[in-house]
Every structure is written in structure tokens, then in C-alpha cells.
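With my numbering, you'll find the sequence shown wraps up at 1356, consecutive numbering, no jumps. Heads up: the structure comes next, in C-alpha cells.
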Amino acid sequence: MKPELNFTTIEQMEADTAKLHELACEACTETWADRNEKQTPHCKFGEEGICCRICSMGPCRITAKAPRGICGADAHTIAGRHYLRMAAAGSAAHSDHAREIAHTLLATKPEGPYIIRDEAKLKRVATEWDIAFEDRDVYDVAHDVALFALNEFGKPFGTQVLLKRATKERQELWEREEIAPRAIDREISSSLHMSHMGNTADAEVLVRQSLRVGMADGWGGSMIGTDFTDIMFGTPTARDTEGNLGVLEKDMVNIVVHGHDPAFSEMVVTVADLPELQSYCKSKGIKGINLVGLCCTANEVAMRHGVRMVGNFLQQENVVLTGVVDMMCVDVQCIFPSLGPLTECFHTRFVTTSPICRIPGSEYIKFVPETALEQAKQIVKDAIDNFANRDESRAWIPTSKENATVGYPNEQIIKELDGVTNSHVEERGSYRPVIDAIKSGVLRGAVAMVGCNNPKVRPDYSHIEIMRRLLEHDILVITTGCAAQAATKAGLMSKAAKEVCGDGLKRVCTLVGIPPILHMGACVDISRMMLLASDIAEQWEVPITSIPVVGCAPEWMSEKAVAIANYVVATGIDTYLGIEPQVKGSEQMMQLITEGTRKISGAGYNINTDPDELVQAIIAGIEKKRDLLGI
Ligand code: BF8
Ligand code: SF4
């Protein structure tokens, strides 16, 4: 029997949410749970992907009596086009975020506010792109690198430059199968074009383009975004932090940064520590400033500064419902529009900062590099001023919080492994100890746990249950996004969590001094995972499809997740989904995404809405790969 640790249970988390939702009721407002109830059951045609409204002859819905839309599109065409459009929108979101980051890199200058923090990574990228580095001003190099990357979005010829980071086998396969992505914008645009009324009707071709547009994200936009974020704000390193609603403080000014673009949150983190704002806070008789992160922004600032993580996607309303949030400031993606009316019921100021994400009920401050520092200062000052408006009688902070050790990008993983071996033979570093541990069976394999929350399953339960079972089976977990926060809330990202692991994984965690779940960052950082898997395959000298490493998104919801799932599969990594993609109304599409892609990339989806069955399938999948390798 494994020792029972005193980690927060899912039942405790649910009790906290239930209490906060009661407070919402008292405040005469609603939450996602209320709206979910009103939306259930969902429209069957939408859920199955067989409602088409891409031209004004429609909408057309597919039934036994009406098996084709007015133009003749059948269920497979309609579901396939919709699926491709989701992948394209997901790629657009990640890649536009990356483009913003590239523009921020272009705006770096020695006097700040945006500066170069990781020169070594800048040098590595510049060298990779044949941009001269030696004897040049580092900022000139940075600007050349930024311009080179911006060209990747719209270049008229050639494919994504970062594909060269993949294994030879993958590069050849992508060329052969014609899924190597061209310019990022080109793939997104072509996807919309192909799925326009009167264009591609062949589901197989639509799925192939979904892989390609996903690749434009994973091996294009997201990878650029990750590298440039590291160059400007530092490549993350391992550090301790805490997570869950209990990180909010009664006696302090609580500022929540929420969204995805670190160009914004980094500035708020920087200014919150400034003596002038600290003393302004004290002058008001307040103990201090408590800055916390939500959703992917939480991952970004936790990994680089140890900023505490207040929660994941379905907790964004809970955070406001505590009544102690003085400022909720957001940038882009995964922001509930409900925060507008919700914050109006409380004293919380709600600030949007990007033209990409304008929300009624918010104050809009257009955040730009030239004035970023001053704008961030104003936001923090406004939060301090707003503290006085708090209604203590409506304040309730759950006590739940757990320790976590975060910040394991590839460089950090390799550095930790250095303690085990000194064999620095490979360019990006050696994963030999991990490979040896997997070969010997001390570790059975690794799973990338990623993705969102979704009320279609019990929120966070799937993440936590699956992760616990994997750890028990000596399967190392790497994680990003809201999955990382689910792990944090359950204590599984702490070093103490080695106690819930099987003997092999526990031994590795003890020897290396790591938690059993390694935090690799935000969702854009799934690009780090692609490099990790590629390097492992390369150093193992087997195709990437053979290594016992798979992906799992048990509670995914966003279009970004569809883009991710497509590039993970195109990279040759099997992906286990706990939420059904909206294509069920087409048998052909279901077959294509679970089996058809295997003929193209050697990987596919395994879909199961029951977390218990899903984790069994993952373990069986990993064991099958081991058998095939003869280990
Ligand atoms: O990019 S995991 S809910 S926060 S989409 Fe959103 Fe999903 Fe969270 Fe980050 Ni990713
Ligand atoms: Fe209907 Fe065809 Fe128009 Fe879609 S494209 S709405 S199926 S007519």
C-alpha cells in the first residue's frame, strides 16, 4: 500500500468550488456551472460536427432523411471542413501570439523595458539561421533574428525553417507526405480556403491539411514563441512555488494576471516589486502586493519568477468570487467573457490589454512596448487604490494550496540529468539517463499531459486520476497548460509526490532530485515536448513512433488544442483524448483521425471519455511500444 499523503483531494477542490458558486448565487450572478446546465444537452448536430453554416444557402444539417446539404456536401465533408477550421483557428491563435512576441523582440533595447536575458539561446537561434553573432551588438542580432522569424509567417517559398530540428526520418516523411508546413499564414489561409464553400470535399485531404496547419503551429509559431520568450525573459529554471486558490491573501492587494502573452505579465511582475509601488502600498496601510497567475500566464510567470498559481481555466470565475481580487488583468486567449458581468458584482477591476481580446465590462488599456512599464505601474497602482473598496463581509478564501517545483524546460531536464551522467555528446544535450532508465524498465515510458478543463467531464478529476495512475506505473509525466495546474493543486508536482509513485520512478526522482511530474510551461511550450521526443528518438536511434512516449489531453476544449493534437500526431506521437472531437457524425472522419493518420505519420488518436479506461489504454499503448522495441 502506498502511503497516503495529505494532498488536497478532488473532493476538497469541489467543495471549495461549490461554496464559491453559492456565493455567486448570493451575489445574484451565475457561473459556468449554471450556464453549462442550461446548455445541456448540447445540440446534437453541432456536437457531431454535421451542421454546416459556411454559406448562406444553409445552415444545413445532416440527417437520415437529408444526408447531404444543399450543395451536396455530406457528413464527412462537413465534419472534415469544421475540424480543419478548428485546427486553423488554433494555429492562428498560437502563432499570432508568437508574432506579437517576435515584434516584442524587435522592440528590445538595452535600456528596456524589454531586454535580452538569454544571450546563449539567442546565439543558438542566430547560428541556426545563419545570422552573424560574433563581434556584433547583441540587440542588432536580436532584431535580425526577430525579422527572420517574422518572415516565417509570410514567406512566399519554402517550408518552416525549424523543421530542421526534427529527426531526419520525420523531415523526410513530412516532405514525402506533403505535410511539411510552408509559411505559417499560408497554411492558415489555405485551410480556410480549402474549407470554403465549393472547395475540398474529400475528408482525407481535409485531415491531411489539418496535420499541416497544426505543424505550422508546433514546428513554426509555437516554437518561435517559446524560444523568443526564453531569449527575452530567461529560459526557465527549477524553482519552488505554490498553487490553488489558497494563494490569495486576505491582507494584501491581490492582482491576478491571466492569459498567455508574457510580454504583458512580465511587466506587471517587474513593477510589482518596485520599491516605489511597495511603499505606496504600505502608505495605504496594506501589508503588501500579492501577484498571482491564472491559466497559461500562471505557468509562464511561475517558471521564471516563482509567482504563485491561483488556478486553471475553470477556476477563473472562482478567483473573482472570493471577493478579494483587487485587479484581474488579462491579455489574450481563454478569458471568459463572463468576467465582465461577474467583476461588476464585486469590487474587482477588470482590465483588458490587447486589441485581440476586447470584452464588454472591462476597462481597456492598449498595452504597447514603448509605454509598457508605465502602463503596468498604473495597473498595479490602481489595484492598490482599489483595495479600500473591498467588502470584507463578502470575502472568502479557500485554504487549499499545495507546494510545487516548476520550471523544467529541456535545458533544465538535461542539467538535472548531468548529475547522473557527464556525457555531453549531443548538440542539445543528452537524454541518455532517461533512455537507459526506460530501456531497463525502471521507467516504463513518459506521457505528456496537456490541455484544458471541460465541463463535459468532471473538471480536474481526469487530469489528476490519470496522472496518479501513470505515476504508480512508473511512467514519468511531463506537463503544460491547465493540466500542469491540476497536478499542482493535487500536490503531484511537488518533490514529495515521489511517495505516490512506483518504486522505479520513485528511485529516479530521489536520485535526480526532481518531482515525478515535470512542468514544461504553457501550451505554446508543447513545442519543447516535440524537441524532447525528437532528441530522445535521435539519441535512441529509433523512429519517434517507436519510443514509449505518448500525449494525453483528457479535458481539452479549445481550438488551440486541435492544432496541438494535429502536430503531435504529425510528429509521430500517439495522442489520447478524453473529449470527443466534434466529428462523430462522420464515420469516415472518426476512422481518419484514429486510424487514417497512422498511414501518414505513424500515429493517431485514441479517444475515450472514461478516464479509467483512458489511462488503461495509455498504459497498454506504452507497454505495446516496449514490446515492439523488445525491451
Ligand atoms: O493555452 S490549457 S484552457 S489556458 S487552451 Fe486555455 Fe486550455 Fe488552459 Fe492556455 Ni492551453
Ligand atoms: Fe449547406 Fe453546402 Fe452551404 Fe454548407 S456549404 S451551408 S452544406 S449549402
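Glycine is no exception: its CB is placed at the ideal position from the N, C-alpha and C atoms.
Neighbour-count burial assignment, residue i, 16 or more Cβ in a 10 Å radius
i	result
Gly945	buried
Met919	buried
Phe989	buried
Asp1352	exposed
Pro987	buried
Asn876	exposed
Arg760	exposed
Ile956	buried
Pro961	buried
Phe1038	buried
Asp942	buried
Glu1263	buried
Thr892	buried
Ala1097	buried
Ile913	buried
Met782	exposed
Asn969	buried
Lys936	With the sequence shown as reference, residue 936 is identified as Leu, and Lys is not the correct amino acid for it. That one is buried.
Glu736	exposed
Closer than 8 Å: residue i CB and nearest ligand 4 heavy atom
i	result
Val1175	Only ligand 1 and ligand 2 can be found as ligands here, which leaves ligand 4 out of the picture.
CA-to-CA distance, residue j to residue i, given in whole angstroms
i	j	result
Ser1259	Glu859	29 Å
His1244	Gly797	48 Å
Pro1268	Pro1066	51 Å
Gly771	Arg964	44 Å
Leu973	Thr1319	43 Å
Tyr1330	Tyr1089	40 Å
Ile909	Asp821	10 Å
His1030	Gly1018	11 Å
Met738	Ala1215	9 Å
Ala1120	Asp952	40 Å
Lys1324	Ala928	15 Å
Asn1114	Asp1161	58 Å
Gly950	Ala1288	15 Å
Trp1071	Val1050	The sequence shown places Phe at residue 1071, rather than the Trp named in the question. Those two C-alpha atoms are separated by around 9 Å.
Thr1047	Leu745	7 Å
Ala857	Val866	7 Å
Pro1180	Asp862	51 Å
Ser816	Gly1010	47 Å
Asn1128	Ala1290	30 Å
Ser1165	Ile1356	7 Å
Gly1086	Leu748	20 Å
Ile1163	Thr1296	20 Å
Ile1251	Glu1025	13 Å
Tyr839	Tyr864	11 Å
Leu831	Gln1041	32 Å
CB contact below 9 Å: residue i versus chain B
i	result
Glu739	No chain B appears in the structure shown, which is made up of a single protein chain.
Other residues of its chain near residue i: CB distance less than 8 Å, five sequence neighbours each side excluded
i	result
Glu1197	Lys727, Val1225, Cys1226, Gly1227
Gly971	Ile1122, Pro1123, Thr1124, Ser1125, Lys1126
Glu1141	Ala963, Tyr1133, Val1237, Gly1238, Ile1239
Other residues of its chain near residue i: CB distance less than 6 Å, five sequence neighbours each side excluded
i	result
Ser916	Leu809, Ala813, Gln934, Val938
Ile1242	Val1202, Thr1204, Ala1212, Leu1217, Met1218
Ala997	Ile1014, Leu1016, Val1105
Ile1081	Val1057
Ala1101	Met992, Val993, Val996
Thr1322	Val1294, Gly1329
Ile1138	none
Spatial neighbours of residue i in its chain, beta-carbon cut-off 7 Å, leaving aside the 5 residues before and after
i	result
Leu1339	Ile1191, Pro1279, Tyr1301, Gly1303, Asn1333
Gly1310	Glu773, Gly774, Ile775, Ile787, Ala800, Ala804
His1149	In this predicted model, His1149 has a pLDDT of only 49, less than 50, meaning its place in the structure is not dependable; the value taken from the coordinates is given anyway. Cβ within range, chain order: Ser1155.
Cys1006	Val978, Gly1013, Ile1014, Ile1109
Glu1117	none
Glu1312	none
Cross-strand partners of residue i (DSSP beta bridge)
i	result
Glu1088	Val1076
Tyr1301	Cys1277, Asn1331
Leu1243	Ile1203
Arg824	According to DSSP, Arg824 bridges with nothing at all.
Cys777	Cys785
Thr966	Ala1129
Gly799	In the sequence as presented, Gly is not what sits at residue 799; that position holds Asp. Beta-bridge pairing links Asp799 to Arg793.
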